[in-house]
Amino acid sequence: SSTMPHALIRKANGTFSFEKIPYTERTCGNDESNTLPSFIGNPITDIFVHRARLCFLSGENCILSSSNDIYSFTKETTLTELDTDPIDTPASNKETANLRYAVPYNKELILFSRKFQHSLEGGTILNNKTASISIVTAYECSEYAKPASAGNNIFFTYEKGDFTGLREFYVNLSQVMD
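In the working numbering, the protein residues as written are -1 to 176.
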């Protein structure tokens, strides 16, 4: 917990304090039946909130907290799969794709690695059964600047020798409707 993200908390008197976030401890199971999240012992490259879940990118995985408790990254029970359980899913591709950035886009989440853009999909109910990460495009992306959304587009940079370029990510709705 000492190396996990902290929170800047506004106090009633108008001052702020910088504190550790009280993450929920595992209450059932063991390392096989209720595994710890994959970010344990690995660098976290991005932190964000998606569909009321606290989320981390670490290595090839996107890790989402429980939807009941944003500070819980382990199951409430090992007897059954719950829709509220935390999600820890890898990017599915043949090449290693260390996920670097996440950007909300068109009710989805676009995940960026150095060579790929992925989509976290999960349907109406995002849970362990429905969550998956798939490649949507394959363009170089800079590891030095987080992509930014602007309206219906996401802009991201890439390096080409001594120069930097800018790419635009969007969905052509006319082709989707055909």
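Even glycine gets a Cβ: it sits at the ideal position worked out from N, Cα and C.
Query raised in the report: Roughly how many angstroms separate the alpha carbons of Ile108 and Asp81, rounded to a whole number?
Result: 22 Å
Query raised in the report: Assuming Tyr137 contacts Arg165 under a Cβ cut-off of 8 Å, what Cβ separation, rounded to an integer in Å, is found between them?
Result: 6 Å
Query raised in the report: Are the stretch 28 to 41 and the stretch 72 to 91 touching, with three or more C-beta to C-beta distances below 8 Å?
Result: yes
Query raised in the report: Is the beta carbon of Glu58 sitting closer than 8 Å to the one on Leu97?
Result: Yes. Within cutoff.
Query raised in the report: Could you give the distance in angstroms between the alpha-carbon of Pro20 and the alpha-carbon of Asp160?
Result: 44 Å
**Report entry** Check whether Val130 and Thr87 have beta carbons under 8 Å apart
**Finding:** Before going on, a small fix: residue 130 reads as Ser here, not Val. Yes, they are a contact pair.
Requested in this report: From the DSSP output, read off the bridge partner residues of Ser107.
Outcome: Note that residue 107 is Leu in the sequence shown here, rather than Ser. Its beta-bridge partners are Pro102 and Leu118.
Query raised in the report: Would DSSP call Leu77 helix, strand or coil?
Result: coil
Query raised in the report: Which residues share a DSSP beta bridge with Val47?
Result: Leu52
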